[in-house]
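Let me begin by presenting the structure, written as structure tokens, before commenting on it.
2 protein chains.
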Amino acid sequence: MPTLAADPTVLANRLRPVLLKLNRQLRREIHSLGVTGGQVALLVQIKQHPGIGIRKLAALERISVPGMSKFVSRLEEAGLVQRAPVEGDQRRVELRLTAAGQKVLRSVRSKRTAWLSARLHALDPDELDAIDAAIEPLLNLLEAEEA
Amino acid sequence: MPTLAADPTVLANRLRPVLLKLNRQLRREIHSLGVTGGQVALLVQIKQHPGIGIRKLAALERISVPGMSKFVSRLEEAGLVQRAPVEGDQRRVELRLTAAGQKVLRSVRSKRTAWLSARLHALDPDELDAIDAAIEPLLNLLEAEEA
DNA sequence: GGCATTTCGTTAACCAGGTTAACGAATCGG
DNA sequence: CCGATTCGTTAACCTGGTTAACGAAATGCC
Numbered sequence: 658m659p660t661l662a663a664d665p666t667v668l669a670n671r672l673r674p675v676l677l678k679l680n681r682q683l684r685r686e687i688h689s690l691g692v693t694g695g696q697v698a699l700l701v702q703i704k705q706h707p708g709i710g711i712r713k714l715a716a717l718e719r720i721s722v723p724g725m726s727k728f729v730s731r732l733e734e735a736g737l738v739q740r741a742p743v744e745g746d747q748r749r750v751e752l753r754l755t756a757a758g759q760k761v762l763r764s765v766r767s768k769r770t771a772w773l774s775a776r777l778h779a780l781d782p783d784e785l786d787a788i789d790a791a792i793e794p795l796l797n798l799l800e801a802e803e804a
Numbered sequence: 658m659p660t661l662a663a664d665p666t667v668l669a670n671r672l673r674p675v676l677l678k679l680n681r682q683l684r685r686e687i688h689s690l691g692v693t694g695g696q697v698a699l700l701v702q703i704k705q706h707p708g709i710g711i712r713k714l715a716a717l718e719r720i721s722v723p724g725m726s727k728f729v730s731r732l733e734e735a736g737l738v739q740r741a742p743v744e745g746d747q748r749r750v751e752l753r754l755t756a757a758g759q760k761v762l763r764s765v766r767s768k769r770t771a772w773l774s775a776r777l778h779a780l781d782p783d784e785l786d787a788i789d790a791a792i793e794p795l796l797n798l799l800e801a802e803e804a
């Protein structure tokens with residue numbers, strides 16, 4: 658039974674190693690289609706914000722602009738996204754999924770063979786609920802600093 | 658309100674981006690003393706298992722043996738850990754914290770200025786409880802595959 | 001005792017995922 | 001029309017990993 662009214666600093670020290678190890682595993686989830694978790698996240702964002710630019714996308718994903726430029730280049734080389742010039746502003750670029758990108762996204766979403774999905778299947782329903790309930794608070798952790 | 662009896666695959670797809678972004682932030686938590694979260698985790702393990710070898714440590718942290726060797730080398734160069742020869746087996750090494758390593762660990766543990774700690778302080782008690790309650794299930798996710 | 005096998009750690013070479021610094025081109029505002 | 005800003009790219013660099021190959025030491029066995 659977890660301690661109620663957890664001390665934030667103590668909680669941080671317990672949470673950190675868990676996140677660390679989970680992400681080490683997730684990094685290896687470079688599954689079948691050759692796309693990493695990070696790349697999938699990018700595809701999702703582009704799908705949800707068609708025509709978005711590098712800069713906004715970088716902000717959404719919380720990485721630097723040059724970093725985003727590089728990742729998008731990789732996705733473009735892989736044929737999953739398309740850089741299109743913006744009408745009336747030749748500095749900007751509009752990003753969109755290609756047909757191949759959409760296909761990848763569809764097939765990834767239903768994938769149950771990925772490490773995380775497989776491990777979650779092994780948990781009890783109440784454990785799943787506990788994780789489920791933590792997702793929003795964890796998201797709030799990130800949104801807090803957008804202010 | 659989170660969905661009860663969450664579908665593991667759906668939950669995985671919601672969880673992944675959260676973990677991804679959290680870890681991107683955590684990576685920048687290279688605070689004052691110049692040690693990263695991963696390095697702190699290592700120091701903690703060495704403290705809890707004094708005299709542990711590279712191989713076991715690598716298994717505990719779920720990374721490869723050569724990777725661990727490299728990280729330990731860095732920590733040794735930084736003067737935080739000490740490689741000592743093992744009595745009666747000259748292949749092995751025993752790892753121990755130096756005084757400096759213990760000092761770093763003490764000062765890190767109480768640090769409330771780190772990003773994660775600061776953000777957690779901004780959450781409601783019930784959100785903290787939700788996160789707290791999710792830690793064990795998340796750990797189980799990792800332990801499951803030790804079997 | 002001697003030799004094959006296994007165990008332990010290191011090194012080298014490589015890749016992904018970032019970062020900051022510097023820049024060039026285009027747009028915008030006075 | 002010119003200075004300042006905005007957008008994206010490139011280059012150089014770092015951390016955190018990986019696999020492959022290896023050398024030295026210990027173990028098992030005949």
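Which chain is which? The protein sequence lines are A and B, in order.
Numbering-wise, the first sequence is residues 658 to 804 according to our numbering.
Numbering-wise, the second sequence is residues 658 to 804 according to our numbering.
C-beta atoms are modelled at their ideal positions from N, C-alpha and C, and glycine is treated no differently.
Computed from a prediction, not measured in an experiment: that's the story for all the values here.
Chain A contact for residue i (CB, 7 Å cutoff)
i      : result
B:H778 : yes
B:I788 : yes
B:T770 : no
B:A741 : no
B:R763 : no
B:A716 : no
B:A698 : yes
B:L737 : no
B:S726 : no
Residue i versus the options, residue with shortest Cα-Cα distance
i      : options                        : result
B:Q800 : A:L780, A:L795, A:D789, A:L799 : Note on residue identity: the sequence assigns Glu, not Gln, to residue 800 of chain B. When only C-alpha atoms are compared, the closest one is A:L780.
A:E793 : B:L798, B:Q682, B:N797, B:L785 : B:L785
B:N670 : A:D746, A:G695, A:A669         : A:G695
B:I703 : B:V675, B:V738, B:P742         : B:V738
B:D758 : B:P674, B:E734, B:K727, B:N797 : In the sequence as displayed, the identity of residue 758 of chain B is Gly instead of Asp. Considering only alpha carbons, the answer is B:E734.
B:R763 : B:I709, B:A698, B:N797         : B:A698
For residue i, three-class secondary structure by DSSP
i      : result
B:I709 : strand
A:L798 : helix
B:D786 : helix
A:P673 : With the sequence shown as reference, residue 673 of chain A is identified as Arg, and Pro is not the correct amino acid for it. Reduced to three states, the DSSP call for A:R673 is helix.
A:V722 : helix
Residue environment, residue i, which counts as buried when at least 16 other CB atoms sit within 10 Å
i      : result
B:K678 : buried
B:P665 : buried
A:A599 : Because chain A is modelled from 658 through 804, residue 599 of chain A falls outside the range shown and cannot be assessed.
A:S767 : exposed
A:D789 : buried
B:R673 : buried
A:R776 : buried
Below-7 Å beta-carbon distance, residue i vs any chain B residue
i      : result
A:E784 : yes
A:P794 : yes
A:A757 : no
A:R753 : no
A:P723 : no
A:L732 : no
A:R712 : no
A:R719 : yes
Against chain A: residues of the segment 675–693 of chain B by CB proximity under 9 Å: V675, L676, L677, K678, L679, N680, R681, Q682, L683, E686
Listed in chain order, which residues of the segment 663–674 of chain B have Cβ atoms closer than 7 Å to some Cβ of chain A? A663, P665, T666, L668, A669, N670, R671, L672, R673, P674
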